[in-house]
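Engineer:
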Amino acid sequence: MSDLYQEIILEELKHPRHQGVLDGEGVRSKHGVNASCGDEVTLFVKVTSQDKPLKLKWKGIGCAISMVSMSLLADKINSEHLTIPEVRDLSEKDLLELLGLDQISTGRIKCMMLGLRTLNNLLE
Numbered sequence: 001m002s003d004l005y006q007e008i009i010l011e012e013l014k015h016p017r018h019q020g021v022l023d024g025e026g027v028r029s030k031h032g033v034n035a036s037c038g039d040e041v042t043l044f045v046k047v048t049s050q051d052k053p054l055k056l057k058w059k060g061i062g063c064a065i066s067m068v069s070m071s072l073l074a075d076k077i078n079s080e081h082l083t084i085p086e087v088r089d090l091s092e093k094d095l096l097e098l099l100g101l102d103q104i105s106t107g108r109i110k111c112m113m114l115g116l117r118t119l120n121n122l123l124e
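Right under this line is the structure:
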């Protein structure tokens, strides 16, 4: 990983986006855990219909990769007004691109994918 990307990840970790709790009608939540290293994330998603944009907030604790990928994922969903089908189309490759990486070590894939995996479970 280049120094530039390390700097970007550390800066994002200091100022994560879309953290917090959503409440009210249409809000669902889901807690996810990465048992291999203890990362945890709780997602709060306002869902109105399949073709309407989601609104997402989150809380979590864990390693830099899990927290930064969750922050960047939440920002993508909220700023690009993604719908359920668009979120379901997101992949490991998309998260790597959000992080500015070409690859990540096998042991860190679960960290990176925790937020997206938890979100997909919530949307099932």
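Under the numbering used here, the residues of the sequence shown are numbered 1 to 124, in order. All C-beta atoms, glycine included, are put in the ideal place defined by N, C-alpha and C.
1) Is the segment 92-101 touching the segment 47-64 in the sense that three or more CB pairs, one from each, lie closer than 8 Å?
2) With DSSP collapsed to three states, give me the class of Lys-52.
3) Specify the secondary structure class of Gly-60 as computed by DSSP and reduced to three states.
4) With DSSP as the reference, please indicate the residues paired to Asn-34 in a beta bridge.
5) Determine the contact status of Leu-82 and Trp-58, defining contact as a CB-CB distance below 8 Å.
6) Could you tell me the alpha carbon to alpha carbon distance between Ile-109 and Ser-36, rounded to whole angstroms?
7) For Glu-124, which of Lys-30, Glu-92, Leu-101 has the nearest alpha-carbon?
8) In whole angstroms, what separates the C-alpha of Leu-22 from that of Lys-46?
9) One question on the structure: do Asp-39 and Gly-62 come within less than 8 Å of each other, judged by their Cβ atoms?
10) I'd like the span of the alpha helix (DSSP H) that includes Pro-85, first residue to last.
Structural biologist: In terms of the structure at hand:
1) no
2) coil
3) strand
4) Asp-39
5) no
6) 11 Å
7) Lys-30
8) 7 Å
9) yes
10) 84-88
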